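**Student:**
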Ligand SMILES: [Zn+2]
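Numbering (my numbering), first residue to last: 43 to 469.
Below, the structure is given as structure tokens:
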């Protein structure tokens with residue numbers, strides 16, 4: 043068996059890993075890294091003007107050419123750093139994922155040959171290899187751990203995940219993970235983003251309490267909340283608390299609207315009756331005119347938590363809309379900073395500009411979607427892999443994971459393998 047690190051093994055983003063057995067290769071994930079693209083272009087649409095070669099050079103997409111004989115593409119979940127390069131790389135093989143993730147895939151890449159499967163179903167890729175998706179909690183609905191059943195044993199790909207026993211939309215399938223642990227897991231390919239963080243990643247239930255606490259505290263002025271447009275459970279929590287405030291709720295930004303529509307189709311989101319969705323600049327501008335003089339009557343949910351230049355929140359602070367934030371307005375940042383230097387910089391710029399208006403900032407109404415050290419230790423105990431390949435992180439993050447695995451008795455270079463983008467290893 044050969045494992046190839048294609049993307050996500052230098053920094054967080056543009057994830058792809060190859061698993062080859064004989065002449066056959068399965069590609070897992072096909073993600074994009076948007077913050078590096080922002081160094082060149084403000085809008086994601088500008089992707090089209092660059093060649094594949096350029097996008098690989100700019101660290102925007104994984105170099106799929108590294109993999110030979112790809113027979114299937116599996117997608118673990120619908121985050122863009124796992125699915126977003128599909129329309130660029132256009133794999134001409136079956137693309138396998140959960141139903142929800144498949145809908146996101148179809149939206150991004152109309153010409154793909156998609157196969158959607160239920161959790162725990164086995165999809166036969168060939169006579170020798172089948173794929174199974176196992177339910178897990180993360181920060182987008184219908185995330186999965188990918189399991190490849192092969193003649194040499196199972197491959198488990200755990201990127202991304204956390205163990206949240208209080209999620210309102212998902213459950214970690216501990217029973218199935220334990221069963222896998224009783225079999226033969228040859229290798230675990232596992233995210234390492236928060237492997238430097240102690241303890242366990244808190245449940246989403248903590249955010250619900252934080253939101254309640256903050257929203258009860260704010261007595262007047264305009265309130266703007268921002269979060270990940272794909273984080274449906276978080277969006278539901280924000281809207282549920284906002285509904286109690288007796289304010290008009292406006293949801294602004296194309297990506298929020300698209301993801302809310304999808305979640306509603308899957309019965310995952312109850313929109314409050316007084317919520318209005320606005321996508322076009324014209325509709326947003328018209329509403330802002332009304333808000334100007336009645337600030338305390340409105341609650342906005344908007345895109346822009348990372349300070350993305352083309353988001354609604356960035357355009358509000360930049361004066362693109364005919365509207366000025368005031369002293370006494372409040373901004374709720376319901377998202378952590380995606381840990382790359384560019385995101386840290388754009389978020390810093392956003393917060394600095396917000397402060398220049400005298401806005402109250404409520405930061406860190408957030409828990410991560412990624413496993414911390416004790417979550418990782420628990421996964422190792424459940425599935426007992428023979429080999430470990432840390433992925434989804436910088437060398438610091440992956441080294442921290444390696445140190446944790448060493449504490450659990452795995453031997454460096456023999457059982458723990460640190461790869462860089464482009465490396466592969468025979469196991
Ligand atoms: Zn993710």
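Ideal Cβ positions, reconstructed from N, Cα and C, are used throughout, including at glycine. Nothing here was measured: the structure is a model prediction, and the numbers come from that model.
1. Could you tell me how far apart the beta carbons of residue 243 and residue 204 are, in whole angstroms, since I believe they sit closer than 8 Å?
2. According to DSSP, is residue 113 part of a helix, a strand, or is it coil?
3. To the nearest angstrom, how far is the alpha carbon of residue 231 from that of residue 82?
4. Would you mind sorting residue 314 into buried or exposed? The rule is 16 or more other CB atoms within 10 Å of its CB.
5. Please state the DSSP three-state secondary structure of residue 192.
6. Tell me, to the nearest whole angstrom, how far the beta carbon of residue 484 is from that of residue 434; I am working on the premise that it is less than 8 Å.
7. For the alpha helix (DSSP H) containing residue 356, list its first residue and its last residue.
8. What first and last residue would you give for the alpha helix (DSSP H) that runs through residue 259?
9. Hey, quick one: how far does the beta strand (DSSP E) through residue 429 stretch, first residue to last?
10. Can the beta-carbon of residue 447 be found closer than 9 Å to that of residue 425?
11. Skipping 5 residues on each side, what residues in its chain have a beta carbon closer than 8 Å to that of residue 216?
12. May I ask you to verify whether the segment 294-303 touches the segment 360-378, counting CB pairs closer than 8 Å and requiring at least 3?
13. Contact between the segment 265-272 and the segment 330-343: three or more CB pairs below 8 Å?
14. Quickly, what does DSSP pair residue 49 with across the bridge? List them, please.
15. Please output, in chain order, the residues near ligand 1 using a CB cut-off of less than 5 Å to any non-hydrogen atom of the ligand.
16. Given this structure, state the Cα-to-Cα distance separating residue 114 from residue 286, to the nearest angstrom.
17. For residue 264, does the three-state DSSP call read helix, strand or coil?
18. Rounded to a whole number of angstroms, what is the C-alpha to C-alpha distance between residue 162 and residue 69?
19. Determine the direct distance from the alpha carbon of residue 75 to that of residue 132, and round the result to whole angstroms.
20. Distance check for residue 367 and residue 392, CA to CA, integer angstroms please.
21. State the DSSP-derived secondary structure class of residue 297, mapped to helix, strand or coil.
22. Give the C-beta separation of residue 348 and residue 385 to the nearest angstrom, bearing in mind that I take them to be a contact with Cβ-Cβ under 8 Å.
23. Count the other C-beta atoms from every protein chain shown that fall within 10 angstroms of the C-beta of residue 141, then say buried if there are 16 or more, exposed otherwise.
24. Assuming residue 4 and residue 44 make a contact with CB atoms under 8 Å, what is their CB distance in whole Å?
25. Starting from the C-beta of residue 126, find all residues in its chain whose C-beta is less than 7 Å away, skip the five residues before and the five after it, and write them out in chain order.
26. In three-state DSSP terms, what is residue 139?
27. Identify which residue in 109, 129, 249 and 53 has its Cα closest to the Cα of residue 90.
28. For residue 359 and residue 399, what's the separation of their Cα atoms in angstroms?
29. If you run the structure through DSSP and keep just helix, strand and coil, what is residue 423?
30. Quick one: any contact between the segment 251-267 and the segment 458-465, if contact means 3 or more CB pairs under 8 Å?
31. Flag this pair as yes or no: are the beta carbons of residue 229 and residue 428 separated by less than 9 Å?
**Tutor:** Based on what the coordinates show:
1. Here residue 243 refers to the residue found at position 201 when the chain shown is read from its first residue. Here residue 204 refers to the residue found at position 162 when the chain shown is read from its first residue. Sure, about 4 Å apart at Cβ, within 8 Å.
2. Against the chain shown, residue 113 aligns to sequence position 71. Of the three classes helix, strand and coil, the one that applies to residue 113 here is strand, per DSSP.
3. Against the chain shown, residue 231 aligns to sequence position 189. Against the chain shown, residue 82 aligns to sequence position 40. Cα-Cα distance, rounded: 32 Å.
4. The sequence position of residue 314 within the chain shown is 272, counting from 1. Exposed: under 16 other Cβ atoms inside 10 Å.
5. On the chain shown, residue 192 is found 150 positions in, with the first residue counted as 1. Three-state result, residue 192: strand.
6. Limits of the chain in this structure are 43 at one end and 469 at the other, which puts residue 484 out of reach.
7. On the chain shown, residue 356 is found 314 positions in, with the first residue counted as 1. Residues 354-360.
8. Translated into the one-based positions of the chain shown, residue 259 becomes position 217. First-last of the alpha helix (DSSP H) with residue 259: 246-259.
9. The residue you call residue 429 lines up with position 387 of the chain shown. Start and end: 429-433.
10. Your numbering for residue 447 matches position 405 in the chain shown. Your numbering for residue 425 matches position 383 in the chain shown. With contacts defined by Cβ atoms closer than 9 Å, residue 447 and residue 425 do not form a contacting pair.
11. For the purposes of this step, residue 216 is taken as the residue at position 174 of the chain shown. Scanning its chain for C-beta atoms nearer than 8 Å, with the 5 sequence neighbours on each side dropped, one finds around residue 216 the residues 424, in chain order.
12. The segment 294-303 makes no contact with the segment 360-378, as fewer than three CB pairs between them are under 8 Å.
13. Segment contact: the segment 265-272 against the segment 330-343, three or more CB-CB distances shorter than 8 Å; contact assigned.
14. Translated into positions along the chain shown, residue 49 becomes position 7. Paired residues: 58.
15. Ordered along the chain, residues surrounding ligand 1 are 121 and 202 [Cβ under 5 Å from any heavy atom].
16. Translated into positions along the chain shown, residue 114 becomes position 72. Translated into positions along the chain shown, residue 286 becomes position 244. Each residue's Cα considered, the two are about 47 Å apart.
17. Numbered from 1 along the chain shown, position 222 holds the residue referred to as residue 264. Of the three classes helix, strand and coil, the one that applies to residue 264 here is coil, per DSSP.
18. Stepping through the chain shown from its first residue, residue 162 is reached at position 120. Stepping through the chain shown from its first residue, residue 69 is reached at position 27. Straight-line spacing of the CA atoms in residue 162 and residue 69 works out to 19 Å.
19. Your numbering for residue 132 matches position 90 in the chain shown. Your numbering for residue 75 matches position 33 in the chain shown. Straight-line Cα distance between these residues: approximately 16 Å.
20. On the chain shown, position 350 is the one that residue 392 refers to. On the chain shown, position 325 is the one that residue 367 refers to. In a straight line, the C-alpha of residue 392 is about 13 Å away from that of residue 367.
21. Position 255 of the chain shown, counting from 1, holds the residue named residue 297. Residue 297 falls in the helix class under three-state DSSP.
22. For the purposes of this step, residue 348 is identified with residue 306 of the chain shown, where counting begins at 1. For the purposes of this step, residue 385 is identified with residue 343 of the chain shown, where counting begins at 1. Taking C-beta atoms under 8 Å as the contact rule, residue 348 and residue 385 qualify, at a distance of about 5 Å.
23. The count along the chain shown starts at 1 and reaches residue 141 at position 99. Exposed.
24. Residue 4 lies beyond the range of the chain shown here (43 to 469); nothing can be said about it.
25. The residue you call residue 126 lines up with position 84 of the chain shown. The beta carbon of residue 126 sits closer than 7 Å to the beta carbons of 73, 74 and 150 from its chain, once the five residues preceding and following it are set aside; these are given in chain order.
26. In the chain shown, the residue the question calls residue 139 occupies position 97. Three-state DSSP puts residue 139 in a strand.
27. Counting from 1 along the chain shown, the entry for residue 90 is found at position 48. Nearest C-alpha to residue 90: 129.
28. One-based indexing of the chain shown puts residue 359 at position 317. One-based indexing of the chain shown puts residue 399 at position 357. C-alpha of residue 359 to C-alpha of residue 399: approximately 8 Å in a straight line.
29. If you number the chain shown from 1, residue 423 lands on position 381. Per DSSP, reduced to three states, the secondary structure at residue 423 is helical.
30. Not touching, per the Cβ criterion.
31. Here the question's residue 229 lines up with position 187 in the chain shown. Here the question's residue 428 lines up with position 386 in the chain shown. In this structure, residue 428 lies closer than 9 Å to residue 229 by Cβ.
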